[in-house]
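A.B. asks: The structure that follows is given in the form of structure tokens.
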Amino acid sequence: MAPTEDIRKMFKRFRILVVGRANAGKTTLLQRVCNTTEKPEIFNGRGEKIDASVVQSSRDRGYHEIRNELVFGSNPGFVFHDSCGFEAGGVDEFKEMKEFVLERASSGKLNERIHVIWYCIPMDECHRAITKAEEMFFAECDTSSVPVIAVFTKFDALWDDAYGELEEAGLTRMEIDRRVPEKAKEIFTNMRIWDRLRETRYPPKDWVYLAEMEKDDADCGPLLEGTTNALGEEAMQMLLISTQRTNLALCIKYAVERYVHWCIDSLIDLAWTL
């Protein structure tokens, strides 16, 4: 296995395609991952910086040039691509996204490959969590070796429903506050959203839910850990872990796991020599 420095020389940066409808909380999520409240700098496919005001109007309408690169000054090791926010009927945008995934999943230029796809699904519209856009993506978009993580954003929107059900059950305020998060997960499970996604032709590799991402101290740990596990290939895991700067626990956990695996392999090798 090449050391982390060699891996970073090969791939340079960790590249993520973020997919999802407009207002799914994508920008806020990326800000939390990069530990910033600033807007990203935008570069075109040739690496030339674009004046943000030039593209703001199209971004406000939910359209994004998928080949543009979004980079945050707080962590330039991440490069993000934003999907076109395709909605039902956005055939051209969907086709462009599929072509981009196919091209970048196996690009001969290692530094241009996308390493993971985050598909954001907002839970503040849980009655329409799976729309035509999601059905099209998971039925028709073969992402090859690039893992897809279903990211259920705005999960705290389910807390109101959970609170109401617990209140009707006659629980005390203290009991309600303690049980709301678990009750929200129960409500989510009963909606069978994840079950529906798993039954698609090209299902996500894994899923995570994120709540209260608007807070400066929001926890992106589950997303980073889930992404690391989904990558599978150790080189890509090392690239992600060395790039992210918000989760020290993930770095420690990964280092311990690698050391344990090394010890086991060493003992096995020793046993064969006896």
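So the sequence shown is numbered by my numbering: it starts at 133 and just counts up by one.
Note that CB positions come from ideal geometry on N, CA and C, so glycine has one too.
What did DSSP end up calling C252 once you bin it into helix, strand or coil?
C.D. replies: Reduced to three states, the DSSP call for C252 is strand.
A.B. asks: With a CB to CB cut of under 6 Å and the five nearest residues on each side skipped, what residues in its chain are close to G177?
C.D. replies: Excluding sequence neighbours, G177 sits near R199.
A.B. asks: Buried or exposed: where does A301 fall if 16 or more other Cβ atoms within 10 Å of its Cβ makes it buried?
C.D. replies: Flag for A301 reads exposed.
A.B. asks: Where are the alpha helix (DSSP H) runs, 4 residues long or more, that stay fully inside the region 322–374, in chain order?
C.D. replies: Correct list: 325–330 and 353–363.
A.B. asks: On a CA-only basis, which of R164, L329, I325 and L290 is nearest F269? Give me that one, please.
C.D. replies: Out of R164, L329, I325 and L290, L329 has the C-alpha closest to the C-alpha of F269.
A.B. asks: What are the uninterrupted segments assigned as beta strand (DSSP E) that are 3 or more residues long and contained completely in the region 237–282, given in chain order?
C.D. replies: Qualifying beta strand (DSSP E) stretches, in chain order: 248–254.
A.B. asks: Suppose the cutoff is 6 Å on Cβ atoms and the five residues either side in sequence are ignored; what does the same chain contact list for L372 look like?
C.D. replies: Same-chain partners within the cutoff: F146 and T360.
A.B. asks: What are the boundary residues of the beta strand (DSSP E) that E201 is part of?
C.D. replies: Note, E201: beta strand (DSSP E), E201 to V203.
A.B. asks: With the cut-off set at 8 Å, would you say S215 and V150 are in Cβ contact?
C.D. replies: Contact: yes.
A.B. asks: For the region 287–307 against the region 351–360, do three or more pairs of beta-carbon atoms, one drawn from each stretch, fall closer than 8 Å, so that the two count as touching?
C.D. replies: The region 287–307 is not in contact with the region 351–360.
A.B. asks: What did DSSP end up calling K315 once you bin it into helix, strand or coil?
C.D. replies: Three-state DSSP puts K315 in a helix.
A.B. asks: Flag this pair as touching only if the region 159–170 and the region 350–357 have three or more C-beta atom pairs under 8 Å; answer yes or no.
C.D. replies: In short, these stretches touch, since the Cβ pair count reaches three.
A.B. asks: Judging by CA-CA distance, which residue of T263, G209 and L242 is the nearest neighbour of G152?
C.D. replies: Nearest C-alpha to G152: T263.
A.B. asks: Which of the three DSSP states is assigned to D214 in this structure?
C.D. replies: Note: D214 maps to strand in three-state DSSP.
A.B. asks: Starting from L298, trace the alpha helix (DSSP H) both ways and give me its first and last residue.
C.D. replies: Taken as a continuous stretch (DSSP letters only), the alpha helix (DSSP H) holding L298 covers A289 to E300.
A.B. asks: Comparing C-alpha positions only, which one of I174, E197, E244 and D293 sits nearest to K141?
C.D. replies: Among I174, E197, E244 and D293, the Cα nearest to that of K141 is on E244.
A.B. asks: For I281 and M368, I'd like the C-alpha separation in whole angstroms.
C.D. replies: Rounded to whole angstroms, I281 to M368 spans 15 Å at the Cα level.
A.B. asks: Could you say which of I319, A237 and E266 lies nearest to Y251 if we only look at CA atoms?
C.D. replies: Y251 has its Cα closest to that of E266, out of I319, A237 and E266.
A.B. asks: Run the CB neighbour count on E314, radius 10 Å, all protein chains shown included, and call it buried at 16 or more, exposed below.
C.D. replies: The residue in question, E314, is exposed, as its Cβ has fewer than 16 Cβ neighbours within 10 Å.
A.B. asks: Do you know how far the Cα of K337 is from the Cα of D274?
C.D. replies: Distance between the alpha carbons of D274 and K337 is about 12 Å.
A.B. asks: Do T285 and M255 come within 8 Å of each other at the CB atom, strictly closer than that value?
C.D. replies: Yes, they are a contact pair.
A.B. asks: Quick check on R147: does DSSP put it in helix, strand or coil?
C.D. replies: R147: strand per DSSP, three-state reduction.
A.B. asks: In three-state DSSP terms, what is E173?
C.D. replies: Three-state DSSP puts E173 in a strand.
A.B. asks: Determine the DSSP secondary structure at I182, reduced to helix, strand or coil.
C.D. replies: Here I182 sits in strand by DSSP.
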